[in-house]
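Here this note's numbering is used: the first residue of the sequence shown is 734, the next is one more, and so on. These notes concern the structure reproduced below.
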Amino acid sequence: MKVKYSSKIKLSISRELLSDMVQLSFSIVPHEKFHFFNVHAYSDTLLQVTHSIPRIGYRSIITRQMVKNELFSQDTVILVILNNTIYILMKEELSEEGINQDQDHP
734 MKVKYSSKIK
744 LSISRELLSD
754 MVQLSFSIVP
764 HEKFHFFNVH
774 AYSDTLLQVT
784 HSIPRIGYRS
794 IITRQMVKNE
804 LFSQDTVILV
814 ILNNTIYILM
824 KEELSEEGIN
834 QDQDHP
């Protein structure tokens, strides 16, 4: 499966965190198309990731060790699975740009 993401995601979220989001979207409820993530610093060394799937009322909170100098955004991140491709973008980008299918994961 391909992973594509917006340029804003690329600039504001670390690869480690993006990888965690992709893994969570497959390990919890793999057949849902829309996954929402909110991230915030729980402490100086911990991140708290809230993963939700509104269609089925699913919500979980995962706390994990923060990687040194890790990039993350407090904006809502949306992971969309369409046609064997995972698109990752900020919530506001979905309404502004739609899904740009030209930006591949490195």
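Cβ coordinates follow ideal geometry from the N, Cα and C atoms, glycine included.
Going by Cα to Cα distance, which pick from 741, 740, 749 is closest to residue 866? The requested residue 866 is not part of the displayed model; the chain covers only 734 to 839.
Where the alpha helix (DSSP H) containing residue 804 begins and where it ends: Where residue 804 is concerned, there is no enclosing alpha helix (DSSP H), given that its DSSP letter is neither H nor E.
Contact defined as beta carbons within less than 8 Å: I believe residue 737 pairs with residue 820. What is the distance between those atoms, to the nearest angstrom? 5 Å
Let me know if residue 734 comes out buried or exposed under the rule of 16 or more other beta-carbons within 10 Å of its beta-carbon. exposed
Can you check the stretch 764-805 for any alpha helix (DSSP H) of at least 4 residues that lies completely inside it and give the ranges in chain order? none
With a threshold of 16 other CB atoms inside 10 Å of the CB of residue 780, please say whether the residue is buried or exposed. buried
If you draw a straight line from the alpha carbon of residue 753 to that of residue 822, how long is it in whole angstroms? Using only the alpha carbons, I get a separation of about 15 Å.
Taking 8 Å as the threshold (C-beta atoms), are residue 785 and residue 769 in contact? yes
Inter-residue Cα distance where the pair is residue 814 and residue 793: Roughly 19 Å separates the two Cα atoms.
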